Amino acid sequence: MASEKIEAKEKVAAAPQSPKLRRRDLLLAFSTLPVFGGFIAAWLKKRKFDEGKRQALLKELGLSAEAPAILPEGTLRRSSQTIRLGIIGVGGRGEHLLRCAGFVHPRWIESRRREAKLNRLNKDLEIFLSQQDTNCVLTAVCDVFDPRAERALEASRHVLRNGQMVEERGAKRFRHYQDLLNSSEVDAVIIATPDHWHAAMALDAVAAKKHVYLEKCMTRTAEEAVKLYEAVKNSPIIFQLGHQQRQQESHLRARQIVERGLLGKITLVETTTNRNSPDGAWQYEIPEEASPENIDWEQFLGPAPRRPFDVYRFFRWRCWFDYGTGLSGDLLSHEYDAVNQILGLGIPKYAVASGGIYFFKDGRDVPDVFHATFEYPDRELTLIYSATLASDRNRGRIFMGHDAWMEVGETLTVTADPESTRYKEMYLEEIIEPAWPLFSFRPGAKGIDAVTSASERYFATRGLLYSYRAGKRVDISHLHVLEWLDCIREGRQPSCHIDRGFEEAITCHMATESYLRGRRVEWNPEEKKII
Amino acid sequence: MVKSKGIASWQWAALVLLRVVIGWHFLYEGIAKLFNPYWSSASYLLEAKWLFSGFFTAIVANQQLLKIVDYLNIGGLIAIGLGLVAGFLVTPACIAGILLLLLYYVANPAIVGFKSSMPAEGSYLIINKNLVELTALVVLCFFPTGRIAGLDRLIFGPLKAKASKEE
């Protein structure tokens, strides 16, 4: 048997193949190649069909899928003038803003390095190190809690310069903010204190001719907002309110979409806040070392009613109307500003708000469930805000037009309305498929970075943490600080200047006033009063 | 057609058809990804919860590595697809296909206790479509269909000659 096999093998190898056999072999060898013809034909047909639909759609929409949105000018160039910065209030947000300007405590770098080792998707440090040099020096720090002031002083000595950490002379601590504002070593000031101090500090900064970056909510009351508005308007200083989502690329695109009328007449905008964690409900951690010895309680109270020392009120100030405005000033302010950025709504005519303290019964007096409805009769539009701090169900920010609806956060999706007038023909011609969005924009879709805490996830989905420039993830607050600094150097107005700030403050305060008064309130633009 | 190893020609034809159909699928999966500017393996890899999940996460964490993996995946799918359809280096193509599908399966297995947030278009218990396709490739590994109908016939010679000696 074995010998037969070998014999047969040799026979096959030795025998010259007949032309008939070779033809047959060639035929069989190439027999499946025509499948490629079928494949290419089917693929080209599908591509032509899809591309034809896509082009027809983009032409109708007047959009280019690839073209970037118009970026704010401030993020594109840099001037050589060094700005001397001061900061008042270096809690969590203040410290973040310092990092956005390039000043970082070495312990933050260590902790982020450790976290990146544990979770390789954590890119906090990488994002920080890739920040642009802001060309600032931090010369002055003021905080009423000693450990925080010390931490900020340490940060002022560790500066990011062109991707490298360098050691610099550092800042001087001022015990009282007015001394900081009067310092000749300060050109511009970041104010990141509780809301009840915003107006007084910003007004004093304007008087001292210091440029101001002020955290939201712009003021705690409407009266303060009017005063600050008039002061800034009559001053040469450059004022930026801390609504960092003004730099969000998806928002800039959303504005383009609305301007092109792709949504049709917009009659309703719904925007929301859902969070479900103690941190998200402002139950921030109380540092163990906190005591009357290292907290200047009297200065903290400032314009607020006198009270005995209370560590909870100091660190969780957002829970009381004496120091903040709860959901209104903290999160509605961001939501409203995002809508205002996209639609240019301005101040509403009427506002009605309701809610209550339904979950976090920790002695707070601000509601943890809160809703507000704003009417814009001139625009024939209603804006609804609805919030709970006790459910993590994500609800979007949705612009509802007759022809399409648009959801905007870090990403953007436009979906045609099946009953639309504008897209009726396109529906009939099947250029638009009801199951698919008309347009979607997902910056950074190719990379995935970790968002670690529940609160962070909330901020990221609302477009409040990151944006993308040239496909790279960027801290959006860094872009906002950078824009302010560039505007100071170039003498132009930033994206969230005093007019936008005034609109934000009054809108938020209308909601708060309505909640507190238990009735609908109206804005009187002549008298600049909520009635 | 002649019988090879006791396999009827219509049986060979069915195996060739199976090879071509799987090849088509691989080829289009690769080409569709190549022409989709938004596609990345990142979200799929991040879903991994079983073996090598740490390794998959490490790939996603590194942008350069992710880019390489994306291109390797696309290139692999297209090369395997071309090989299977043309009957060119069928056995290596089958083995590469098995390894690729094994990675897909490991990243998102249909095993009890592992829930994927990826929407599934069917219902699966242990066996999912990746595993079915993988098994089909295992079968094809043992049948050199490329030497029946495919370019392997020119490279390795027709199976008919070798088989006929055994008859």
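Protein sequence lines, in the order shown, are assigned to chains A and B. Each residue of the first sequence is one higher than the last, beginning at 1441 in the working numbering. Each residue of the second sequence is one higher than the last, beginning at 46 in the working numbering. Where a beta carbon is used, it is the ideal one built from N, C-alpha and C, also for glycine. Since the model is a prediction, treat every value here as computed from it, not as a measurement.
Check: Per-residue DSSP class, three states only, for K1969 (chain A); Outcome: strand
Check: Three or more C-beta pairs below 8 Å linking the stretch 1659-1670 of chain A and the stretch 1799-1819 of chain A; Outcome: no
Check: 8 Å Cβ cutoff met for V1848 (chain A) and A1694 (chain A); Outcome: yes
Check: Start and end residues, beta strand (DSSP E) containing W55 (chain B); Outcome: No beta strand (DSSP E) contains W55 (chain B), which is instead part of the alpha helix (DSSP H) from 54-79.
Check: Residues that Q1618 (chain A) bridges to, as DSSP identifies them; Outcome: None; Q1618 (chain A) has no bridge partner.
Check: Under 8 Å (Cβ pairs) to chain B, residues found in the stretch 1465-1494 of chain A; Outcome: D1465, L1466, L1468, A1469, F1470, S1471, T1472, L1473, V1475, F1476, F1479, W1483, R1487
Check: Nearest residue (CA-CA) to Y1763 (chain A), options A:R1746, A:V1475, A:L1620; Outcome: A:R1746
Check: Residue from A:A1791, A:G1795, A:R1804 with nearest C-alpha to E1815 (chain A); Outcome: A:A1791
Check: Span of the alpha helix (DSSP H) around K1801 (chain A); Outcome: Per DSSP, K1801 (chain A) belongs to no alpha helix (DSSP H) and is neither H nor E.
Check: Residue from A:T1707, A:L1565, A:I1946 whose Cα sits closest to the Cα of E1967 (chain A); Outcome: A:I1946
Check: Cβ-based burial, D1832 (chain A) [other Cβ within 10 Å; buried from 16]; Outcome: exposed
Check: Under 8 Å between C-beta atoms of Y1669 (chain A) and M1641 (chain A); Outcome: no
Check: Cβ of G195 (chain B) within 8 Å of any chain A Cβ; Outcome: yes
Check: Cβ pair count under 8 Å reaching 3, the stretch 1611-1631 of chain A against the stretch 1559-1568 of chain A; Outcome: no
Check: Where L1561 (chain A) meets chain D, residues with beta-carbon distance less than 7 Å; Outcome: No chain D appears in this structure, whose protein chains are A and B.
Check: Any C-beta of chain A under 8 Å from that of P203 (chain B); Outcome: yes
Check: Counted within 10 angstroms of its Cβ, other Cβ atoms place W55 (chain B) as buried (16 or more) or exposed; Outcome: exposed
Check: Entirely enclosed beta strand (DSSP E) segments - the stretch 1924-1966 of chain A, minimum 3 residues; Outcome: 1961-1964
Check: Cα-Cα separation between P1456 (chain A) and F201 (chain B), rounded to whole angstroms; Outcome: Low per-residue confidence applies at P1456 (chain A): pLDDT is 46, beneath 50, and the placement is therefore not dependable, though the value from the model is reported in the following sentence. Looking at the two C-alpha atoms, the distance is approximately 16 Å.
Check: Option nearest Q1723 (chain A) by Cα separation, candidates A:C1759, A:V1698, A:L1702, A:G1742; Outcome: A:C1759
Check: Residue-level contact to chain B via CB, R1552 (chain A), 8 Å cutoff; Outcome: no
Check: Start-to-end residues for the beta strand (DSSP E) that takes in S1690 (chain A); Outcome: Run containing S1690 (chain A): none in the beta strand (DSSP E); it sits in the alpha helix (DSSP H), 1689-1699.
Check: Span of the beta strand (DSSP E), counted from its first residue to its last, around E1651 (chain A); Outcome: Correcting the residue identity first, residue 1651 (chain A) is His in this sequence and not Glu. From DSSP, the beta strand (DSSP E) with H1651 (chain A) extends over 1651-1654.
Check: Cutoff 8 Å: V65 (chain B) Cβ touching any chain A Cβ; Outcome: yes
Check: Sufficient close CB pairs (3 or more, under 8 Å) joining the stretch 1947-1959 of chain A to the stretch 148-158 of chain B; Outcome: no
Check: Any C-beta of chain A under 8 Å from that of W95 (chain B); Outcome: no
Check: Residue environment, V177 (chain B), which counts as buried when at least 16 other CB atoms sit within 10 Å; Outcome: exposed
Check: Short CB-CB distance (under 8 Å) between Y150 (chain B) and chain A; Outcome: no
Check: Q1781 (chain A) burial status per 10 Å Cβ neighbour count (16 or more: buried); Outcome: buried
Check: Exposure label - G132 (chain B); buried when at least 16 CB within 10 Å; Outcome: buried
Check: Top-ranked residue by Cα proximity to L1772 (chain A), from A:E1943, A:K1864, A:N1964; Outcome: A:E1943
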